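A.B. asks: This structure is in structure tokens; I'll ask about it shortly.
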């Protein structure tokens, strides 16, 4: 039996999702949540929700208690959620190691479109990529004038739009100022670096602080011309090497559809079998 979300099941939902390998938004934060109930016990949950900056696809999440899988409950939840979808365009992300979830998505018609890697670079093996001379000057973002910083944020926004077009486009009316407000939270202006040549911004690496002062996260990597990416590689590697020398943990988030970030990540040897995979319908 399926019923709409009821707050009385909150504790049961939290307990159920403790073993989930992916995040699922439910209840008041979701557009709709269905609960699968058997003998008054919660055995599954499914929900739809939207992201305000990526409004053209709806996000879907379904989780069934392991003891009740392979009985068609998940598929029934999916069918119910699909009927309530406004766009009939759905997206979900699951860990690459969650084979039950990936097999279920494929059976429902989803297509794998992106793999996101988040290795700790201080544990990754450095490749044999030779360090060549950086083609330009390196500056900290915090050293730049407001005008130059705005130019960097504009370039970063363009890169983000380009690499998300197929999967889930960014909201069309978003401005550079609005985007800046979204991405500067915890942005480390000192550790974020720019590559400037002939007074033009050629590339950048945005880094983010965490609660741990010995940890830094690489959030965005980009450039002005994808056909010039080879010339950016010494810059990327120098920035990452310097971070590794300073911090105990240097994490990175790199999508395989983001040609700049993925190229930077591949300066290192990491476990490519571990990723967060995006599927769309």
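Numbering (our numbering), first residue to last: -1 to 279.
Built from N, CA and C at the ideal position, the CB exists for glycine as well.
Owing to the predicted nature of the structure, the values given are computational and were not obtained by experimental measurement.
1) Put residue 82 into one of helix, strand or coil per three-state DSSP.
2) Comparing alpha-carbon positions, which option in 120, 198, 158 lies nearest residue 147?
3) Check whether the Cβ atoms of residue 56 and residue 85 sit closer than 8 Å, and answer yes or no.
4) Could you check how far apart the C-beta atoms of residue 124 and residue 233 are, in whole angstroms? I think they sit under 8 Å.
5) Measure the CB-CB distance between residue 23 and residue 44 and report whether it falls below 8 Å.
6) Three-state secondary structure (DSSP) at residue 173?
7) Quick check on the DSSP output: what are the complete beta strand (DSSP E) runs of length 3 or more inside the segment 184 to 234, in order along the chain?
8) Check whether the Cβ atoms of residue 164 and residue 203 sit closer than 8 Å, and answer yes or no.
9) Please state whether DSSP places residue 33 in a helix, a strand or coil.
10) Taking the alpha-carbon of residue 82 as reference, which of 107, 2, 30, 209 has the nearest alpha-carbon?
11) Using a Cβ-Cβ cutoff of less than 6 Å, which residues in the same chain neighbour residue 262 once the five nearest sequence positions on both sides are dropped?
12) Indicate the three-state DSSP secondary structure (helix, strand or coil) for residue 55 in the structure shown.
13) Give the straight-line distance between the Cα atoms of residue 39 and residue 47, rounded to the nearest whole angstrom.
14) In angstroms, rounded to a whole number, what distance separates the CA positions of residue 201 and residue 71?
15) For residue 150, which residues from the same chain have a beta carbon less than 8 Å from its beta carbon, with the 5 sequence-adjacent residues on both sides left out?
16) Thinking C-alpha only, which one of 53, 69, 16 is nearest residue 34?
17) Quick check on residue 107: does DSSP put it in helix, strand or coil?
18) Only counting the same chain, and skipping five residues up and downstream in sequence, which positions put a Cβ closer than 8 Å to that of residue 92?
19) For residue 160, which residues does DSSP report across the bridge?
20) If you follow the alpha helix (DSSP H) that residue 9 is in, where does it begin and where does it stop?
21) Near residue 90, which residues of its chain fall below 6 Å by C-beta distance, leaving aside the five closest residues on each side in sequence?
22) Does DSSP classify residue 117 as helix, strand or coil?
C.D. replies: Here's the rundown:
1) helix
2) 198
3) yes
4) At roughly 16 Å, the Cβ-Cβ gap does not stay under 8 Å, so residue 124 and residue 233 are not in contact.
5) no
6) coil
7) 191 to 195, 198 to 207, 213 to 221
8) no
9) strand
10) 30
11) 219, 234
12) strand
13) 24 Å
14) 49 Å
15) 139, 142, 192, 199, 202
16) 69
17) coil
18) 19, 20, 99, 100, 103, 274, 275, 277
19) In DSSP, residue 160 forms no bridge with anything.
20) 8 to 14
21) 58, 277
22) coil
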